[in-house]
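**Q**
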Amino acid sequence: MKSILFALVLFTTSLFAENHELKEAIVKIFTVSKVPNYATPWNSSTRRSHASGAIIAGHRILTNAHVVANETFIEVKRYGETKRYEAKVEFVSHQADLALLKVDDETFFEGVTPLKFDGLPEIQQKVSVYGFPTGGTSLSVSTGVVSRVEHTRYVHSREIFLAIQVDAAINPGSSGGPAISDGKIVGVVMQQIPKSQSIGYLVPVEVIKHFLKDVEDGHYDGYPHLGISTEIMRSRALRSVYKMDEKTRGVLLIDLSERSPLYGVLKKGDVLLSIDGNSIENDGTVAFRDHQYTSYKYYIDKKQVGESVTIAYLRDGNRGEVSVTLNHVADDHLLVNTIAYDKAPKYFIFGGYVFAPLTRNRLMRSSSALPQLRELASEWATNARDEVVILLKVLPAEINRGDHSFSLWSVDTVNGKAYKDFKEFVSIIEDAKSKYIILEDSEGVMIAIDREAAKAVEEQILRRYSIKASSRL
1197 MKSILFALVL FTTSLFAENH ELKEAIVKIF TVSKVPNYAT PWNSSTRRSH
1247 ASGAIIAGHR ILTNAHVVAN ETFIEVKRYG ETKRYEAKVE FVSHQADLAL
1297 LKVDDETFFE GVTPLKFDGL PEIQQKVSVY GFPTGGTSLS VSTGVVSRVE
1347 HTRYVHSREI FLAIQVDAAI NPGSSGGPAI SDGKIVGVVM QQIPKSQSIG
1397 YLVPVEVIKH FLKDVEDGHY DGYPHLGIST EIMRSRALRS VYKMDEKTRG
1447 VLLIDLSERS PLYGVLKKGD VLLSIDGNSI ENDGTVAFRD HQYTSYKYYI
1497 DKKQVGESVT IAYLRDGNRG EVSVTLNHVA DDHLLVNTIA YDKAPKYFIF
1547 GGYVFAPLTR NRLMRSSSAL PQLRELASEW ATNARDEVVI LLKVLPAEIN
1597 RGDHSFSLWS VDTVNGKAYK DFKEFVSIIE DAKSKYIILE DSEGVMIAID
1647 REAAKAVEEQ ILRRYSIKAS SRL
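Remember, my numbering sits 1196 above the position in the sequence shown when you count from 1.
(1) Answer yes or no: do A1573 and V1532 have a C-beta to C-beta separation smaller than 8 Å?
(2) According to the neighbour-count rule (16 or more other Cβ atoms, all chains shown, within 10 Å of its Cβ), is L1554 buried or exposed?
(3) Regarding G1276 and the ligand SAH, is the C-beta to nearest heavy atom distance less than 7 Å?
(4) Which value, in whole angstroms, describes the spacing of the CA atoms of F1304 and N1478?
(5) Taking its Cβ as the centre, do 16 or more other Cβ atoms sit within 10 Å of N1260, making it buried, or is it exposed?
(6) Would you call the segment 1416-1425 in contact with the segment 1500-1509, where contact means no fewer than 3 C-beta pairs closer than 8 Å?
(7) Counting along the chain, where does the alpha helix (DSSP H) carrying R1435 start and finish?
(8) Let me know if S1241 comes out buried or exposed under the rule of 16 or more other beta-carbons within 10 Å of its beta-carbon.
(9) On the three-state DSSP scale, how would you describe Y1494?
(10) I believe L1449 touches L1462 by the beta-carbon criterion, under 8 Å. Please report the beta-carbon distance rounded to the nearest angstrom.
(11) Give the range of the beta strand (DSSP E) segment to which S1343 is assigned.
(12) Taking only runs of the beta strand (DSSP E) that begin and end inside the segment 1398-1437, which ones reach a length of at least 3 residues, in chain order?
(13) Going by the beta-carbon positions, is the gap between V1607 and V1590 smaller than 8 Å?
(14) Under 8 Å by Cβ, that's how I've got Y1326 and I1376 pegged, so tell me the actual separation to the nearest angstrom.
(15) Distance, Cα to Cα, V1447 vs I1424?
(16) Within 10 Å of its beta-carbon, does Q1387 have 16 or more other beta-carbons around it, so buried, or fewer, so exposed?
(17) Within a Cβ cutoff of 8 Å, which residues of the same chain sit near S1371, ignoring the five residues on either side of it in sequence?
(18) When you compare each of E1302, S1475, S1336, V1610 to H1508 by their alpha carbons, which one comes out closest?
(19) Three-state secondary structure (DSSP) at L1311?
(20) In whole angstroms, what is the alpha-carbon distance linking K1443 and I1360?
(21) If you count every other CB in all the chains shown that lies within 10 Å of the CB of R1274, and 16 or more means buried, which is it?
(22) Write down the C-beta distance between Y1492 and A1483 rounded to the nearest angstrom, noting that I regard them as a contact closer than 8 Å.
(23) Indicate whether S1343 and A1365 have their beta-carbon atoms separated by less than 8 Å.
(24) Taking 8 Å as the cut-off, decide whether the C-beta atoms of P1592 and G1548 are in contact.
(25) With a threshold of 6 Å on Cβ separation, who are the neighbours of R1243 within its own chain once the five nearest residues in sequence on each side are excluded?
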């Protein structure tokens, strides 16, 4: 009996030591950030927040990108200690909502055993979430199980990647904290569904490992993007139109970017059958584990930029196969880039007319954005047009009377000339010699600006509206 009790004591002591060692690798992160205002792009505000992170190999701290987005100053504090250390962002993936921090003072890492990574957890596997949620200052640990693994839209980037759904309690301040199972990281706390009953999401270890491998060369490339649009093929009639028999499954290719590696190789109306030998189902999913399916994007997301992929396809009833190199990311293909962080918004003021590139940051902050602008956000960039420029607003002055109601207006041409991007748009105006600058949209609506008069009142308008500079390019 004594030997059994002695063994039990040893086991309990071992668990306590292991748990304490794990906690020492948990970090509280304090961030001061400069938040840009996309409605008045010359303005910004300051915000303070706190979140969580974990020490991993290489004297690095793993956390969320949204924890340090637009940061101006970062401090970190280890579990059980009071001293704060200044930290800096080493690498960040706003797409996958992940970041690596470094601390120059090596004493911060003394006595810490870095946390290691496990594989993708199974459904109903138990996980413990570590972090510093609001409501207290000490470390919090909540426990739950994995309820779902599938592609989900990440709130921070609005992009879709693999995610883990858990029922552990996740609250503000928990972001960036590790989700632990059997002593190893299986995910990073990312987001929760507001007003839900303990439904939270983790960035899975697969996505974390992709990020870490990406930055091994000292540069972050991002996730490759095929630059295609597809349609699911659940309709039997639609499958018949494209000569798919009962055993053939896939998705219909309906559009391609000019910069897609498949452009000129595949064409609209082809049916994508598989990626690297992994069959695509009619609903656009692929099996990634036994009896578990997610978006076919899964097998593209697993690739690094520069790697190749093999796609099998059906055309007029005949099967084919093509291998291409994934050299582009989403922003190479999109007319309106993905959500941007860590950079001040661009603008150009001329005669009180405020111009800016159309950004998803602006669209997501405006419920009044015109449907036409939202449609542009779904279009591909071309070699001739890489950005959309909008008249953001008009700062009322005598020179622009009659145009004060214009806002969020897409400009197609300047003095009858199309532009490639915002930089060229500004150059056309600054280099113009004509008496008037004529702006026109796709429907023929025009604005005329007296060029010399606009230059003459520039300083006056900037002073009136307390704007330091007429542009940020």
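Just so it is clear, CB atoms sit at the ideal spot from N, CA and C, and this is done for glycine as well.
**A** Let's see:
(1) Cβ atoms of A1573 and V1532: closer than 8 Å.
(2) Flag for L1554 reads buried.
(3) In the structure on display, the ligand SAH does not appear, and there are no ligands present to speak of.
(4) Roughly 52 Å between the two C-alpha positions.
(5) N1260 is buried by the Cβ-count criterion.
(6) Counting C-beta pairs closer than 8 Å gives three or more between the segment 1416-1425 and the segment 1500-1509, which meets the contact rule.
(7) It spans 1432-1437 - the alpha helix (DSSP H) in which R1435 sits, taken as one unbroken run.
(8) Using a 10 angstroms sphere on the CB of S1241, the tally of other CB atoms stays under 16, which defines it as exposed.
(9) Helix.
(10) That pair is a contact at about 6 Å.
(11) Per DSSP, S1343 belongs to the beta strand (DSSP E) from 1336-1349.
(12) Fully enclosed beta strand (DSSP E) runs of 3 or longer: 1424-1427.
(13) Taking 8 Å as the cut-off, the Cβ atoms of V1607 and V1590 do not count as close.
(14) For a cut-off of 8 Å, the C-beta gap from Y1326 to I1376 is around 6 Å, short enough to register as a contact.
(15) Straight-line Cα distance between these residues: approximately 11 Å.
(16) Under this definition Q1387 is a buried residue.
(17) In the same chain as S1371, and ignoring 5 residues on each side of it, the C-beta atoms closer than 8 Å to its own belong to A1247, S1248, T1259, N1260, H1262, V1263, G1327, V1385, M1386, Q1387, in chain order.
(18) For the sequence presented, residue 1508 should be read as Ala rather than His. For the residues E1302, S1475, S1336, V1610, the minimum Cα distance to A1508 belongs to S1475.
(19) The answer is strand: DSSP assigns L1311 an E or B state.
(20) I1360 has its alpha-carbon roughly 31 Å from the corresponding atom of K1443.
(21) Burial check for R1274: the Cβ neighbour count within 10 Å reaches 16 or more, so the residue is buried.
(22) That pair is no contact at about 10 Å.
(23) In this structure, S1343 lies away from A1365, with their beta-carbon atoms at least 8 Å apart.
(24) Taking 8 Å as the Cβ cut-off, P1592 and G1548 qualify as a contacting pair.
(25) S1229, V1231, listed in sequence order.
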